[in-house]
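Residue numbers (the UniProt record's numbering), protein chains in the order written: chain A, 1 to 494; chain B, 1 to 509.
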Amino acid sequence: MRYLILILFTYVKCDPDYFAKRNRIVESELRIALGGNMSLTSKENEVNNCLMRHKFDELDYAFNNPDNFGLSHHFFKYKDNIPKSKVYKIIKDMPKGAILHIHDMAIIGPDYLLNITYMDNLYVCLGKQISFLFSNKVPNTTCENRWELMSEVRRAAKNVTAFDAKIRKQFTLVVKNPDIVYPTIKETWTAFGNFFSTVHPLLTYRPIWEKYFYDALKAFRDDNVYYVEVRSILPNLYELDGTVFEKIVTAKAYKKAIHKFMRDYPDFVGAKLIFAPNRKVNRTILSEYIQTARQIKNSMPELFAGFDLVGQEDAGNPLIEFVPQLCAATNLNFFFHAGETNWFGTMTDENLVDAVLLGAKRIGHAYALAKHPVLLEMVKEKQIGLEVNVVSNSVLSLVRDVRNHPLNIFLSLNLPVVLSSDDPGAWEADPLSDDFYISFVGVASRLADLRVLKTLALNSLKYSALDPAAKTLAITHFHSKWNSFIENFDCRSY
Amino acid sequence: MLTLAYTTLALLVTITARTIPDNYNQERRALLAEETLTSVGGKQKLNDEETRANEILMKLKTNELNASYFNPQHFNFSKHYFSYKKDIEKSRVYQIIRSMPKGAVLHVHSSLMLHPDILVKLTYEEYLYACYTHDSIKLQFSKATPARPCANKWALVSELRNNSSDPNAFDAHLRDYFTLYRENEDYDYVDINTVWKRFNKVYYAIKSLITYRPVREKYWYETLKQFYNDNVMYIEVRSGLPDLYELDGTKHGKRYLVELYKNGTDKFIEEHPDFIGIKLILTRDRAQSINHVLEAINVTRQLKAEMPDLIAGFDLVGQEDLGRPLSDFIPILSEAKEEINLYLHAGETAWLGTSTDENLVDAILLGSKRIGHGYALTKHPSLMSALIKKDIALEVNVISNVVLSLVHDVRNHPLATYLALGLPVVLSSDDPGAWSAEPLSHDFFVAFMGVASKRADLRMLKQLAINSIVYSALEEDRKSRLFAVFYDRWDRFIKDVISNESYRDLEVS
């Protein structure tokens, strides 16, 4: 009784408008945030209720049992549990628009690459690091051991399963104990670099390359992605006899694979190419790259989206090094990697300044942007798309607990964000669904709902390099996929 | 002719392609200058001597950070604080920060301020009994064996120590109960609840030692000495005012501890006249009932009426995710704020969109004078605007957030964003004793080297120290005195840096 009186007494003293004011603030924050001004149809609301019930279940359990909250750990520690999540299953089935930041060599996972090692004419060098090469004779390139035919080595292996497991390990960064294997960014990028060196000669054998990209498009479509802008260093393809082709041939192979795929799957919107060579080069080579970009643009304008520079940003050349040439290359669209770093106030960090000043259409990662209020305003004003890759940033040692990923700031400010996956094959992630799931449950607000997911999907088309007419078509196409997802949605099936 | 024109044009293109266009450079410089101007300390003007000291500081900072940038496998700040703690002493930047006047500490909890080495010395007091269980310890001063239950058995610490084969090892083991820090253990990644359980154990062990009145007096004196030696001239201490006891079992009420703090501090000021003093922010555990919190507010009100200079205000403490959200206490807090200033913990969480996260909304609506931690604030743009408009300072405790499992690599700490935005930030240390940190210098060092921009310099450090005075609860006259003491020490600090022989090689022009 005394308690009751106390409560009555104190409530009388309270500002009667307090909770109204409070609600206004919480709601206004949601309204300002990405997806906040979207309204849902009644059927979408039903889907949203189902989605949010499962999201709250997951998050409220995690809030009360943080020891069981996987997403605060390294991706490798929880990735195998993701498919159990109902939220994930819904996201998997949901049309997600486009992938705008992905590197061609790391799209499909290690099992696919292992299969390639069963092909004829493959030589292997079992050194400290395993190297491969397709050839019609024993390769004469250096090998710290000796070149042998893969088929013979495999036949000679006592246990083929164990042998294949060992080979498969070369095609993935995934390990059981990531905190020990990858204590810092140094070890991670070393492993990541080795991954590319191993994969490169397997994929760049011309017949494989054409098939590989076709299969990659299939993987995107299977993950409910219908358009892609792929970054490529345009590796020089080769034949069994050692013939090496120019970069333009690689670009043509892309064109061919895309055509074939679209003939087979007419509901696929398409793909474009961002020429993205390594940033660790001198100015002369960069000029050659710009020449190549122009050449491809001229001969295949519908394929070519623009130009970028890749490789570990801290270890490569900063953009400022190439500003004179990039300023002069006015006829190219830029999609620069910038600010994929934790180093505040360094040259890598200031790549963000140059990306903005050079007029980049989108920025890859922009992880450091939240520390740059002036740039952040410019990004918003100029509507420069931010290609955010949460799983990549976690695997590549920028952030451990994804709740500390700056994406949550970008979302709360409604910056032009698109979600992408960077190199999903290298860490055995989905083409896009894992990134969507982790961003939605681990990074975004607990209160972020279907409107955020739909806006992110729409953003991926809005900020794509499609020309206006094609963009309109792509968005119409997305809405029809989306509507059928909504119409056919049955909460009981999750 | 056409060929000539083409060649000339090509030549021109080549030449321009070798240099950065002037307007590009101008725009770039202007942009970076605007970012610096926006950031904390960006508007500070340095005099000639300060400029020279800054050059020395920045040479050292750049050298140390470059070494890390090119060898990230050795970069310490990306790892847990415990893995690099003992290397901090080696940093020359740290030596400067240690000797720099840092103003005030505004966010620190009374029982966890003192280094465990000194706590161990306090266990040499007579009549101390210990009750060891497998992973915790209870201490009590008593003439006879304490009557309180003990799962094992009560024994005199002096006897245990004398009987042990190695008293140093005995003390080292005892010290482990007073700190989360372990020197030679790889720190595993534990979740927030597990680490808070360990943290609470440390707290209870220390509390059982320092609720004995004679020990508390010594504890307080030693604490002030450590903060003073770390160049801190004023402290606002959060305290729950536990009852103290005497050897004969007599208990003292809350008022007694307030007076003990006051008398102890007055005595310290007599010996150290440039120490300005303390204020208390009284607290209650947020996990407790509304009635209990109301009771604590009433005690605060009463004590503030009696000792207005000493009592700064009220706060709720304890693990925020597990305690009650502020919204549970709105009626009593909005009534209290008419008479008592609030200094609320809020948003000490990584959970966006949860009740803990929304404590930030309530802290601002309740007119909190400052916000403890505000870790989640960067995710709330409109709250950030409100904070700037109302000039509410954020008490940021970087090392605490690492140790208590909010962030791993400090470069991801939101302080970087607060600094870039020029928010009203003060640096503090929360519970430095509980992780064997220096009173404030470690937090300044990690914030300056690990979190702030590589370009952040002496202006930022000075601004942070000034902020701690500006946003303190001091009344005007003592605030001016603190400023006078600070500037006096600051001038001497600058002179020491520029006249220090060991920096001769670094000075540029």
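Don't be surprised by glycine CBs; every beta carbon is placed ideally from N, CA and C.
CB contact flag (residue i, residue j, <8 Å)
{"i": "T198(A)", "j": "F171(A)", "result": "yes"}
{"i": "D308(A)", "j": "R403(A)", "result": "no"}
{"i": "E428(A)", "j": "G109(A)", "result": "yes"}
{"i": "R238(B)", "j": "V403(B)", "result": "no"}
{"i": "H54(A)", "j": "K86(A)", "result": "yes"}
{"i": "H380(B)", "j": "S412(A)", "result": "yes"}
{"i": "S420(A)", "j": "N389(A)", "result": "yes"}
{"i": "L303(A)", "j": "K272(A)", "result": "yes"}
{"i": "A106(A)", "j": "A328(A)", "result": "no"}
{"i": "T141(A)", "j": "L149(A)", "result": "no"}
{"i": "S405(B)", "j": "A104(B)", "result": "no"}
{"i": "S99(B)", "j": "D430(B)", "result": "no"}
{"i": "V202(B)", "j": "L180(B)", "result": "yes"}
{"i": "Y261(B)", "j": "R213(B)", "result": "no"}
{"i": "E320(B)", "j": "H345(B)", "result": "yes"}
Three-state class that DSSP yields for residue i in the structure shown
{"i": "C327(A)", "result": "helix"}
{"i": "L46(B)", "result": "coil"}
{"i": "Y226(A)", "result": "coil"}
{"i": "R175(B)", "result": "helix"}
{"i": "V26(A)", "result": "helix"}
{"i": "S368(B)", "result": "coil"}
{"i": "H54(A)", "result": "helix"}
{"i": "F141(B)", "result": "strand"}
{"i": "K272(A)", "result": "strand"}
{"i": "S239(B)", "result": "strand"}
{"i": "H107(B)", "result": "strand"}
{"i": "R221(A)", "result": "helix"}
{"i": "Y189(B)", "result": "coil"}
Beta-bridge pairing of residue i - partner residues as DSSP gives them
{"i": "C125(A)", "result": "S131(A), W147(A)"}
{"i": "V396(B)", "result": "L427(B)"}
{"i": "W154(B)", "result": "C131(B)"}
{"i": "E246(A)", "result": "According to DSSP, E246(A) bridges with nothing at all."}
{"i": "G364(A)", "result": "H337(A), E387(A)"}
{"i": "residue 496(A)", "result": "Beyond the ends of chain A as shown, which are 1 and 494, falls residue 496(A); an answer cannot be given."}
{"i": "G277(B)", "result": "Y234(B)"}
{"i": "H252(B)", "result": "L244(B)"}
{"i": "residue 516(A)", "result": "The structure shown does not extend to residue 516(A), since chain A is modelled only from 1 to 494, so the question has no answer here."}
Supposed close pair residue i, residue j - CB separation, criterion 8 Å
{"i": "E387(A)", "j": "V353(A)", "result": "Their Cβ separation, rounded to whole angstroms, is 18 Å, which puts E387(A) and V353(A) out of contact at 8 Å."}
{"i": "M113(B)", "j": "P432(B)", "result": "6 Å"}
{"i": "K337(B)", "j": "L310(B)", "result": "That pair is no contact at about 19 Å."}
{"i": "L35(A)", "j": "V379(A)", "result": "Reading off the sequence, residue 35(A) comes out as Gly, not Leu. G35(A) to V379(A), Cβ: 18 Å. No contact."}
{"i": "L365(B)", "j": "G374(B)", "result": "L365(B) to G374(B), Cβ: 14 Å. No contact."}
{"i": "V410(B)", "j": "F77(B)", "result": "5 Å"}
{"i": "I99(A)", "j": "P431(A)", "result": "7 Å"}
Length of the line joining the Cα atoms of residue i and residue j
{"i": "K308(B)", "j": "N263(B)", "result": "At residue 308(B) the sequence reads Pro, which differs from the Lys that was named. The straight-line gap from Cα to Cα measures roughly 15 Å."}
{"i": "P21(B)", "j": "E27(B)", "result": "10 Å"}
{"i": "residue 513(B)", "j": "A67(B)", "result": "Outside the shown range of chain B, which is 1 to 509, sits residue 513(B), and nothing can be said about it."}
{"i": "D487(B)", "j": "L106(B)", "result": "Reading the sequence as shown, one finds Tyr at residue 487(B) and not Asp. For Y487(B) and L106(B), the distance between alpha carbons rounds to 19 Å."}
{"i": "Y6(B)", "j": "V310(A)", "result": "Because Y6(B) carries a pLDDT of 49, less than 50, the predicted location of this residue cannot be relied on, and the following value inherits that uncertainty. When rounded, the distance between both Cα atoms is 33 Å."}
{"i": "Y18(A)", "j": "W154(B)", "result": "52 Å"}
{"i": "L139(B)", "j": "L128(B)", "result": "7 Å"}
{"i": "L466(A)", "j": "I475(A)", "result": "11 Å"}
{"i": "R294(A)", "j": "R24(A)", "result": "52 Å"}
{"i": "T283(B)", "j": "R504(B)", "result": "49 Å"}
{"i": "G313(B)", "j": "L294(B)", "result": "14 Å"}
{"i": "F322(A)", "j": "I274(A)", "result": "18 Å"}
{"i": "D164(A)", "j": "D67(A)", "result": "35 Å"}
{"i": "K361(A)", "j": "G385(A)", "result": "7 Å"}
{"i": "N65(A)", "j": "N193(B)", "result": "8 Å"}
{"i": "V195(B)", "j": "R182(B)", "result": "13 Å"}
{"i": "I494(B)", "j": "V399(A)", "result": "37 Å"}
{"i": "L57(B)", "j": "L461(B)", "result": "11 Å"}
{"i": "Q463(B)", "j": "T19(B)", "result": "38 Å"}
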